[in-house]
Structure formats: structure tokens, C-alpha cells
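Here the structure comes first, spelled out in C-alpha cells, and everything after it is commentary.
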Amino acid sequence: MKNEYKHAFVICAYQESKYLERCICSLVHQTVKSPVVVCTSTPCDFISRIVDKYGLQLYVRDGKSDIQDDWNFAAGQIDAEWITVAHQDDVYNKHYVECLLQAITSGEDAILAFTDYRPILHGKIGMDRNCRIRRLLRMPLKSRKLAGKRWVRKMCLSLGNCICCPSVAYHKTLIDGPVFTSKLKYSLDWDTFLKFASGEHRFLYIDKPLTYYRIHKEATTMEFINNEARKKEDVIMFRKFWPELVVKWIMKFYVYAYRTYTD
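55 is the number of the first residue of the sequence shown in my numbering; add one for each residue after it.
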């Protein structure tokens with residue numbers, strides 16, 4: 055059965071985020087249009103007003119907010135071959151869909167496609183140290199031949215999560231069951247990428263900065279840093295690649311990445 059859409063955006067909205075409308079604007083003003091739906095587990099008048107303003111469909115999930123459950127719920131609300139789970143804080147370049155569709159036309163065997171990104175810090179799009187390191191780690195995936203090799207995909211993830219989660223489009227028709235199946239709460243995106251890297255399908259890397267990832271004090275990442283849940287889950291992920299002594303050595307340096315949010 056053919057999917058209704060080639061690609062769609064699903065936005066997970068939470069409470070009263072001052073960045074939600076900017077995110078929606080960047081999606082509805084793409085040079086090539088994809089349908090956009092909004093999903094939430096924290097329904098409120100604020101979200102409803104913005105969704106109505108742009109004539110979008112709002113879906114409400116019953117139950118306690120949970121990142122994985124919310125993302126899987128959102129992924130199931132529209133019949134599309136490819137979906138991008140957009141984060142309400144972030145912004146997309148107007149050519150995101152255009153470039154994505156061009157890439158996946160020749161990459162139907164890819165399980166996911168993702169773009170380069172730039173951080174938004176203090177309201178300005180820039181390029182920080184973490185961004186440069188992550189870009190270096192994923193360089194082998196620029197080669198479609200190398201991106202088709204399981205060991206290369208896993209190697210690129212072995213020194214940290216080098217893929218920017220909101221930039222990723224998932225090929226739903228190649229995924230058997232829910233997209234997200236991790237037991238982790240913060241590193242579930244990294245764990246999900248490893249799951250797909252360990253499979254038979256390749257990754258598709260669009261080496262253009264088409265996603266802008268917002269760094270701010272109210273971000274969910276900040277909460278996980280403060281309660282040290284991020285550190286604990288990063289250790290769990292590194293143990294999937296390395297022996298304990300190597301994990302301890304890596305973490306001595308990896309924790310410096312948290313300063314992006316705390317400085």
C-alpha cells in the first residue's frame with residue numbers, strides 16, 4: 055500500500071515554549087512543501103492558538119509526558135514514507151525538504167537521512183567546538199559506499215552521538231515496529247541511531263547545514279545535565295562500544311561537551 059505522502063514533519067510540542075511558533079514558521083515556509091502536524095502530551099491554550107493560527111492539525115496523547123512515547127505517538131499520526139520529528143526549539147533551513155527529497159530519490163535503501171547542523175546560541179547561528187567535533191566524527195558517512203558498511207556506521211557513533219537528532223528523517227516503510235525502542239531517556243536518539251547502524255540499511259548524510267539546533271537554559275538537555283542523567287546514559291552508550299577502562303578515559307573528555315549548555 056502506497057503512503058499518502060513522501061515526507062512529513064511531526065512537531066512534538068510541550069507546554070508554553072516561546073520558540074514553537076518560530077519552528078512552525080520554518081516548516082510551513084519550505085521551498086518544497088511537506089505536511090506538518092503538531093502533537094503534544096501537555097495540551098494547553100497556548101499550543102492550540104498557535105496551531106490554529108497556521109491551520110495545522112493537533113494530536114493529543116493521553117498519559118504522562120515521555121520523550122520516547124511522545125515521539126512514537128507523533129510518528130504514527132501521519133501516513134508518510136519518511137518523517138522528520140521536529141523539536142519545538144529548533145529551526146529548519148527553507149531548503150531542508152528540497153534537499154532531503156533530492157537525496158532520498160537516489161537513496162531508497164537508506165533507513166534514515168540526516169543533515170549537517172549549526173547551533174543557535176544567544177539567538178545567533180554559529181559554529182561551536184562541539185559542532186566541529188561532531189562534524190569530523192561523521193565525515194566517513196559523506197561517502198555513500200562507506201555509509202553502506204555496518205562497521206563504518208557504528209564506528210562513527212563510537213566516540214559520541216555525531217548525528218543531530220532534529221535533522222533526521224526516518225524511512226518508516228523500512229522500519230518494522232516503532233521507530234524508537236530504547237530503554238534510555240536522554241540518549242535514546244543515540245541508541246536509536248546505533249540500532250539502525252547495526253542493521254542492513256545504510257545512512258544518508260546530506261552535508262549541508264539545514265538544521266539549526268537551539269541551545270538555551272530551558273532545554274530538556276539542561277535538565278538531564280543538572281541531574282546527571284545525561285552522564286549516566288552516556289556511560290551506558292559508550293559501554294556498548296568499549297571496555298570499561300576506555301569508557302572512563304573517553305568520559306574525562308566527553309563531559310566537556312556539557313559546557314555548551316552550562317557556560
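We treat Cβ as the ideally placed atom computed from N, Cα and C, and that holds for glycine.
Check your understanding: Mind checking whether Ala-128 and Cys-79 have CB atoms under 7 Å apart?
Key -> Taking a C-beta distance under 7 Å as the contact criterion, Ala-128 and Cys-79 do not qualify as a contact pair.
Review point. Secondary structure at Val-139, three-state DSSP: helix, strand or coil?
Key: Residue state, collapsed to three classes: strand.
Exercise for review: Report the residue from Cys-185, Arg-183, Gly-161 whose alpha carbon sits nearest the alpha carbon of Phe-257.
Suggested key: Of Cys-185, Arg-183, Gly-161, the smallest CA-CA separation from Phe-257 is found for Gly-161.
Review point. Which two residues bound the contiguous beta strand (DSSP E) that contains Arg-189?
Key: Counting along the chain, Arg-189 falls outside any beta strand (DSSP E), though it belongs to the alpha helix (DSSP H) covering 183-191.
Review point. Alpha carbon to alpha carbon, how far is Phe-307 from Lys-286?
Key: Going by the C-alpha atoms only, they are around 15 Å apart.
Review point. Just the Cα atoms here: how many angstroms apart are Leu-154 and Leu-110?
Key: Annotation: Leu-154 to Leu-110 spans about 22 Å, alpha carbon to alpha carbon.
Practice item. Please specify which runs of the alpha helix (DSSP H), each continuous and at least 4 residues long, are wholly inside the segment 108-133, giving them in chain order. Key: Segments of the alpha helix (DSSP H) lying fully in the segment 108-133: 121-129.
Practice item. Locate the beta strand (DSSP E) running through Lys-60, then write down its first and last residues. Key: Start and end: 59-67.
Exercise for review: With a threshold of 16 other CB atoms inside 10 Å of the CB of Trp-303, please say whether the residue is buried or exposed.
Suggested key: Counting Cβ neighbours within 10 Å, Trp-303 comes out exposed, since fewer than 16 surround it.
Exercise for review: Check the DSSP bridge columns for Cys-93 and list the partner residues they point to.
Suggested key: Per DSSP, Cys-66, Tyr-113.
Check your understanding: Out of curiosity, what's the CA-to-CA distance linking Lys-196 and Leu-228?
Key -> Rounded to the nearest angstrom, the gap between the Cα atoms of Lys-196 and Leu-228 is 21 Å.
Practice item. Take the Cβ of Asp-245 as the centre, count every other Cβ of all protein chains shown within 10 Å, and call the residue buried at 16 or more, exposed below. Key: Label assigned to Asp-245: buried.
Review point. What is the C-beta distance between Leu-248 and Lys-203, in whole angstroms, given that I count them as a contact (C-beta under 8 Å)?
Key: In fact, because the Cβ distance is near 15 Å, the residues do not count as touching under 8 Å.
Check your understanding: Are three or more beta carbon pairs between the segment 70-78 and the segment 136-149 nearer than 8 Å?
Key -> Three or more beta-carbon pairs drawn from the segment 70-78 and the segment 136-149 are found closer than 8 Å, and the two stretches are therefore classed as touching.
Review point. Near Ile-174, which residues of its chain fall below 6 Å by C-beta distance, leaving aside the five closest residues on each side in sequence?
Key: Taking Ile-174 as the centre and dropping the five residues before and after it, the same chain places the C-beta of Tyr-266, Arg-268 closer than 6 Å to its C-beta, in chain order.
Review point. Identify the residues that DSSP records as bridge partners of Pro-263: which are they?
Key: Per DSSP, the beta bridge partners of Pro-263 are Asp-170.
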